[in-house]
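Presented below is the structure to which this report refers.
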Amino acid sequence: MTGNQKRYLRSLAHELRPLVKIGKLGITPGVIRQVLDNLKAHELVKVQLQKVHGPERKELGEVLAESTESELVQVIGGMVLLYKPHPTNPAIKLPKASS
11 MTGNQKRYLR SLAHELRPLV KIGKLGITPG VIRQVLDNLK AHELVKVQLQ KVHGPERKEL
71 GEVLAESTES ELVQVIGGMV LLYKPHPTNP AIKLPKASS
């Protein structure tokens, strides 16, 4: 994913509220299922990390993206932004990658 595409997704996510919150138990199978369901419904999902500090946030974002086979768009503060296009009918049209 190009920087321009990530910038576009960040602009779309600006108005989104977190749909999933991860607490002290961390990433559980239930959390992964919830993120997958939301990605399928919305394609772009904000996840709030509670009680997670420093470099752990990026690591959790990467694990979550890998577990859900999604793209990690951004980790900022206690928020993780994930993107996964709908397999048959994508609603979000990304800008084309410049060559």
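Under the numbering used here, the first residue of the sequence shown is numbered 11, with each subsequent residue one higher. We treat Cβ as the ideally placed atom computed from N, Cα and C, and that holds for glycine. The structure presented is a predicted model; accordingly, all values stated were derived computationally and were not measured.
Whose CA, out of Ile32, Val90, Lys34 and Thr98, lies closest to the CA of Ala23?
Ranking Ile32, Val90, Lys34 and Thr98 by Cα distance to Ala23 puts Val90 first.
Between the stretch 24-40 and the stretch 94-105, do at least 3 Cβ pairs fall closer than 8 Å?
In the pairwise beta carbon analysis, the stretch 24-40 is classified as not touching the stretch 94-105: fewer than three pairs are separated by under 8 Å.
Given Val55, which residues of its chain have a CB within under 6 Å of its CB, disregarding the five upstream and five downstream residues?
Cβ within range, chain order: Leu29, Asn48, Leu49 and Leu92.
Let me make sure I understand the geometry here. Which of Leu104, Lys106, Ile37 and Gln60 has the alpha-carbon closest to that of Ile86?
The shortest Cα separation from Ile86 among Leu104, Lys106, Ile37 and Gln60 belongs to Gln60.
For Gly88, I'd like the list of residues in its chain whose CB is within less than 8 Å of its CB, leaving aside the five on either flank, ordered along the chain.
Correct list, in chain order: Gln58, Leu59, Gln60, Val62 and Arg67.
Going by alpha carbons, who is nearest to Ala51 out of Ala107, Lys94 and Gly71?
The option with the nearest alpha carbon to Ala51 is Lys94.
Between which two residues does the alpha helix (DSSP H) harbouring Leu22 extend?
Looking at the DSSP string, the run of the alpha helix (DSSP H) that includes Leu22 is Gly13 to Ala23.
Does the separation of the CB atoms of Tyr18 and Leu74 fall below 9 Å?
No, these two residues do not count as a Cβ contact at 9 Å.
Can you tell me where the alpha helix (DSSP H) holding Leu74 begins and where it ends?
In this chain, the alpha helix (DSSP H) harbouring Leu74 covers Pro65 to Thr78.
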